[in-house]
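I have placed the structure first, in the form of structure tokens, so that the comments after it can refer back to it.
Numbering (this note's numbering), first residue to last: 1004 to 1279.
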């Protein structure tokens, strides 16, 4: 994750007079150069290929990429440009030269070498600019991290031999502060917890005794009265017919018996019930 870090604001006025110009990234390479006898250490070597001249280096392998510095086999003047210390390269961030603030170093880290910019005064965080992505004996290419690239120093529109490893403050990353992504988990390593199909009820409140219900939707069960279920089926619940206003209007009460047409029985009169 990219972090915006507090970088030193004060720089000599001479540094602000320099500008930068982009160069072909395929024509320049950062190399971890080994030195020493008993204990092998590494420093930064930057090589630039002059177009249409003798080949300055050759690469092989992948992790790490091994570098054969061909320029050591002949007089490379006019064929190659190289920088071996802080006089020949520095860090530039957001158009500002941090050569007086940061020292470029190559340090071992795990199974690779890392190019770091270390504050000379301790007032700024250490920056990681690239790594070898592996470790072997010999010259190794340092691959710059995304957001960092090589540029050349210019003065009054004149391109100088000084190299910048240039980036923006949003591309700065502080070791130990940036959060790494969680480790990948194999799909088979995590199994979802089994869920019984009849244990899930839509919009269902808990039962009064606290025990879960297992009745599927549409069946009777000891559920709270505010639970909305589907209408019960005939096989499970018998329910008396509901009398509504519509039922009363469609089925009026029976009137006194009316003799049917052709019925010769006498219609009862009030006097017929006297004496009963």
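Even for Gly, the Cβ is constructed at its ideal location relative to N, Cα and C.
Three-way DSSP call (helix, strand, coil) for residue i in this model
| i | result |
| --- | --- |
| residue 1075 | helix |
| residue 1029 | helix |
| residue 1172 | helix |
| residue 1089 | coil |
| residue 1123 | coil |
| residue 1035 | strand |
| residue 1101 | coil |
| residue 1058 | coil |
| residue 1164 | strand |
| residue 1095 | strand |
Nearest residue (CA-CA) to residue i, options the options
| i | options | result |
| --- | --- | --- |
| residue 1155 | 1168, 1099, 1148, 1114 | 1168 |
| residue 1077 | 1094, 1058, 1092 | 1058 |
| residue 1064 | 1144, 1112, 1152, 1173 | 1144 |
| residue 1113 | 1137, 1054, 1160 | 1137 |
| residue 1170 | 1141, 1107, 1099, 1108 | 1099 |
| residue 1053 | 1146, 1126, 1029 | 1029 |
| residue 1089 | 1048, 1151, 1041 | 1048 |
| residue 1128 | 1146, 1151, 1101, 1150 | 1101 |
Whether residue i touches residue j by CB criterion (9 angstroms)
| i | j | result |
| --- | --- | --- |
| residue 1020 | residue 1158 | yes |
| residue 1027 | residue 1035 | no |
| residue 977 | residue 1031 | Coverage of the chain is limited to positions 1004 through 1279, which leaves residue 977 absent and any answer about it impossible. |
| residue 1071 | residue 1056 | no |
| residue 1139 | residue 1069 | yes |
Whole-angstrom distance between residue j and residue i, CA atom to CA atom
| i | j | result |
| --- | --- | --- |
| residue 1163 | residue 1066 | 33 angstroms |
| residue 1083 | residue 1133 | 23 angstroms |
| residue 1174 | residue 1130 | 10 angstroms |
| residue 1091 | residue 1124 | 21 angstroms |
| residue 1024 | residue 1096 | 13 angstroms |
| residue 1094 | residue 1108 | 11 angstroms |
| residue 1118 | residue 1165 | 18 angstroms |
| residue 1080 | residue 1121 | 31 angstroms |
| residue 1074 | residue 1142 | 13 angstroms |
| residue 1148 | residue 1087 | 20 angstroms |
| residue 1281 | residue 1022 | What the structure shows of the chain is the stretch from 1004 to 1279, and residue 1281 is not part of that stretch, so it cannot be assessed. |
| residue 1085 | residue 1126 | 30 angstroms |
| residue 1039 | residue 1172 | 35 angstroms |
| residue 1153 | residue 1111 | 22 angstroms |
| residue 1041 | residue 1103 | 32 angstroms |
| residue 1150 | residue 1135 | 17 angstroms |
Counterpart residues of residue i in DSSP-defined beta bridges
| i | result |
| --- | --- |
| residue 1134 | 1117, 1146 |
| residue 1023 | 1156 |
| residue 1063 | 1069 |
| residue 1051 | 1031, 1084 |
| residue 1109 | 1118 |
| residue 1043 | Paired residue(s): none; residue 1043 is not in a bridge. |
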